[in-house]
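Its first residue numbered 101, the sequence shown is counted upward by one per residue in this note's numbering. Quick reminder that beta carbons are idealized off the backbone N, C-alpha and C, glycines included. Keep in mind that this is a model prediction, so the values were computed, not measured.
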Amino acid sequence: MNNYVFSKYNIFKTIKDTVVGLNLINKALFALDVEQYNILKTYEHRLNKLNDKYPILFSTMFKLGIIVDKQIDNNQQKQILLKNRLIVFSEKTFRLTINPTLNCNFSCWYCYETHTQKNMSKERVSAIIKYIEHLVKNLHIHHLDLGWFGGEPLLSYKTVMKELAVAAKNICDQNGVSFQSDITTNGYLIKPDMIPFFKEINMQSFQITLDGEKDIHNKIRIHRNKDFSYDKIVKNICLLATELRPKNLALRINFTQESFDGIDKIIESFPWNIRSNITIMLQQVWQDKNNKMFSVKEIDEARLKFENAGFNIDRNTILNLKGYTCYADLYYQAVINYDGRVFKCTARNFEKEKEDGILTNEGNIIWTNSLAMKTSNATFENRKCLDCKYLPVCSGPCSQKISNVKDPNDFEKYCYVLGIEQILDYIMTEFEKSDKTLAYLLDYR
101 MNNYVFSKYN IFKTIKDTVV GLNLINKALF ALDVEQYNIL KTYEHRLNKL NDKYPILFST
161 MFKLGIIVDK QIDNNQQKQI LLKNRLIVFS EKTFRLTINP TLNCNFSCWY CYETHTQKNM
221 SKERVSAIIK YIEHLVKNLH IHHLDLGWFG GEPLLSYKTV MKELAVAAKN ICDQNGVSFQ
281 SDITTNGYLI KPDMIPFFKE INMQSFQITL DGEKDIHNKI RIHRNKDFSY DKIVKNICLL
341 ATELRPKNLA LRINFTQESF DGIDKIIESF PWNIRSNITI MLQQVWQDKN NKMFSVKEID
401 EARLKFENAG FNIDRNTILN LKGYTCYADL YYQAVINYDG RVFKCTARNF EKEKEDGILT
461 NEGNIIWTNS LAMKTSNATF ENRKCLDCKY LPVCSGPCSQ KISNVKDPND FEKYCYVLGI
521 EQILDYIMTE FEKSDKTLAY LLDYR
């Protein structure tokens, strides 16, 4: 009786006289010669015989997860689902994002938001503070991550951010809850006198954007007073890297077909001694993807230029190694707009019909049924995802995209399979070039 099977989550790629193998559960890459691979294929349906005749090969493949017990293979899908449900509902970190305003000091052509001059009121700030007290004292969260988004959140630095962030940290400190802040900002309004405040509220993560090298950026990112912005933003990033040194100082470089070839010119804008404090993120502007999608290889080669120049590199791809797709899929997460409307996602224009709830003056969020719809099922809990061999590294489209699927045929618009295939193919090719005998997907993120 054959008690073993090949895992349904195996991938093999033949490169010259080598076969690179990968099990997506264990996430281990390894190399076989073609003869060994052919032996494996010959005994694919007689794995007990393989164990008898080639015990070392069998044992190695078993340890790597290529060969599994039949019962384990049948349960792996359930284990992936259980891991997702535990993360989505059991994680006691609450990620609360605040949009103090949707107003902005720039008018970038690719921005999806509708800018308005309105700002968060004192009453709304008070309601958010009450909500944070509820999270800490009634939901008993272990950690609060307070994020700032917009618009440009630093436009509300004095009127909203200082009062709200200090109050939130004090509540957490008084109740033994750890606290951290993060911000997505265009970086233009950062000033030296903000550094002590950022330290006070444990501001550990920044995401600041450039739109290419200096000349291209200044054509795209013109301040509303017509000033060029590149030099000032770079100066402020250097200030943070020198005086604050947060855990994550992410420089996101948006690129298009026009700007991609010159993005490495950005390197010389930053002194050598601070580059290791800056993490580079490369992101193609989504409206530009209709013209040309850059390959994994092209983007990785651009990353390598920054890495060789002393920067940290963000290698996060659409490979999902954390067990869920997006922060907005987590139960303990909310985005509160300046007007008290509540959302789960920041990658939208915050229109009325897209809201997920409302914050009351008493500090409670009244959720619509959409929250239950978005979190009750895993984002991959559909037949196409569950049957997919890439399931261990893909949790399906995010809940926002799932909610857009009105017809089963629409699913193809949001499926990540093509991108995942390209990334894995590239990683396996790079592994073969390295002459390593063993590596892990995490090494290539």
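Contact check, residue 119 vs residue 137 under 8 Å by CB: the rounded distance? 4 Å
Measure the C-alpha to C-alpha separation of residue 291 and residue 348 and round it to an integer number of angstroms. 19 Å
What residue range does the beta strand (DSSP E) around residue 234 cover? Note, residue 234: premise wrong, no beta strand (DSSP E); alpha helix (DSSP H) at 222-237.
From 537, 128, 134 and 192, residue whose alpha carbon lies closest to that of residue 163: 128
List the residues that DSSP assigns as beta-bridge partners of residue 467. 457
Using CA coordinates, which residue listed in 224, 280, 414 and 358 is at the minimum distance from residue 394? 358
Assuming residue 198 and residue 249 are in contact, meaning their beta carbons sit under 8 Å apart, how far apart are those beta carbons, in whole angstroms? 7 Å
Give me the residue from 148, 139 and 107 with the minimum Cα distance to residue 172. 107
Spatial neighbours of residue 154 in its chain, beta-carbon cut-off 7 Å, leaving aside the 5 residues before and after: 139
Could you give the C-beta distance for residue 195 and residue 245, rounded to a whole number, given that I count them as a contact under 8 Å? 5 Å
Would you check if the distance between the CB atom of residue 279 and the CB atom of residue 295 is smaller than 9 Å? no
Pick out the complete alpha helix (DSSP H) segments inside the region 313-392, 4 residues or longer, and give them in chain order. 314-320, 330-339 and 372-375
Runs of 4 residues minimum, wholly inside the region 483-544: which ones carry the alpha helix (DSSP H) assignment? 483-486, 499-504, 511-514 and 517-534
Check residue 171 in the structure and name its three-state DSSP category. helix
Between residue 479 and the rest of its own chain, which residues show a CB-CB distance below 7 Å, the 5 nearest in sequence each way excluded? 425, 429, 495, 496, 497, 498, 499 and 502
Can you list, in chain order, the residues of its chain with a C-beta nearer than 6 Å to that of residue 423? Leave out the 5 residues immediately preceding and following it. 183, 184 and 187
Considering only the alpha carbon of each residue, which of 541, 228 and 413 lies closest to residue 461? 228
Taking just the CA atoms, how far does residue 190 sit from residue 225? 28 Å
Would the beta-carbon of residue 421 fall within 9 Å of that of residue 436? no
Given residue 103, which residues of its chain have a CB within under 7 Å of its CB, disregarding the five upstream and five downstream residues? 148, 169 and 170
Proximal residues to residue 363 (C-beta, below 7 Å), its chain only, five neighbours per side dropped: 312, 313, 353, 355 and 402
Compare the C-alpha of residue 408 against each of 133, 379 and 174 and name the closest. 379
Confirm the yes/no value for this check: CB of residue 139, any heavy atom of the ligand GTP, distance under 8 Å. Of ligands this structure carries none, so the ligand GTP is not represented either.
Could you tell me whether the Cβ atoms of residue 546 and residue 532 are closer together than 9 Å? Absent from the structure is residue 546, since the part of the chain shown begins at 101 and ends at 545.
Mind checking who residue 256 pairs with in its DSSP beta bridge? For residue 256, which the question treats as bridged, DSSP gives no partner whatsoever.
Which value, in whole angstroms, describes the spacing of the CA atoms of residue 303 and residue 235? 20 Å
Outcome for residue 447 when other beta-carbon atoms lying within 10 angstroms are tallied against a minimum of 16: exposed
Using the three-state DSSP reduction, which class does residue 150 fall into: helix, strand or coil? helix
Below 8 Å on the Cβ atoms is my guess for residue 237 versus residue 432; work out the distance and round it to an integer in Å. Between residue 432 and residue 237 the Cβ distance is about 15 Å, and since that is not below 8 Å, they are no contact.
Can you tell me whether residue 186 is helix, strand or coil according to DSSP? helix
Could you tell me if residue 466 is buried or exposed, where buried requires 16 or more neighbouring beta carbons within 10 angstroms of its beta carbon? exposed
CB residue 247 to CB residue 281, shorter than 9 Å? yes
What does the Cβ neighbour count give for residue 337, buried or exposed, with the cut at 16 atoms within 10 Å? buried
Which word fits residue 329, buried or exposed, when buried means at least 16 other C-beta atoms lie within 10 angstroms of its C-beta? buried
I need the boundaries of the beta strand (DSSP E) containing residue 298, first residue and last residue. Looking at the DSSP string, residue 298 is not in any beta strand (DSSP E); the run it does join, the alpha helix (DSSP H), is 295-300.
Just to confirm the assignment: which complete beta strand (DSSP E) runs, minimum length 3, are found wholly within the region 393-451? 433-436 and 441-443
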